[in-house]
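This report refers to the structure that appears directly beneath it.
Numbering (my numbering), first residue to last: 42 to 213.
Okay, here's the thing in structure tokens:
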């Protein structure tokens, strides 16, 4: 499998899973996050994806508290070592897409280990679903300040023998 590069809008992608990187602060501070929230508002139009994103952080914290048996576990250490992706399923999107929020930032910069482990987690889920994947060009690089050469290699390595399409969209 080769990674396909396309000029176009990620929000108009044909692929089943639409990916973006998120932080663990509960704030949407990327252009892609804002655009996704506008495309997928909730019924009351009170935040859309942003509302579900904040709820996803709460859900991850709750799961980790149960899993680790601690009231205040080191969430970021666990996510960095194991990867975390919150999948916003079709009931939110209504168009059959799954939005994959990859937790790759704890602060203002991308954490390469967290992103790598999140991508591995994403791959496993995509294999179960037999789904195609779409990424924004330079995921984790603009707001997260990662180096695209490193992130691109990471994606290529992780999805090297993936059976479905992996497409990286560059907004023209």
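Backbone N, C-alpha and C define an ideal beta-carbon position, used for all residues, glycine too.
Original post:
Between residue 203 and residue 164, which are expected to be in contact by the criterion C-beta below 8 angstroms, what is the C-beta distance as a whole number of angstroms?
Top reply: 6 angstroms
**OP:** Report the partner residues of residue 61 according to the DSSP bridge assignment.
**Re:** 142
Original post:
Which of the three DSSP states, helix, strand or coil, is assigned to residue 45?
Top reply: strand
Original post:
Based on Cα-Cα distance, which residue from 55, 122, 157 and 143 lies nearest to residue 69?
Top reply: 143
**OP:** Compute the Euclidean distance between the alpha carbons of residue 154 and residue 62, then round it to the nearest angstrom.
**Re:** 13 angstroms
Original post:
How many whole angstroms separate the CB atoms of residue 126 and residue 162, which I take to be in contact at a CB cut-off of 8 angstroms?
Top reply: 5 angstroms
Original post:
Helix, strand or coil for residue 69 per DSSP?
Top reply: coil
Original post:
Is the Cβ-Cβ distance between residue 152 and residue 121 less than 7 angstroms?
Top reply: yes
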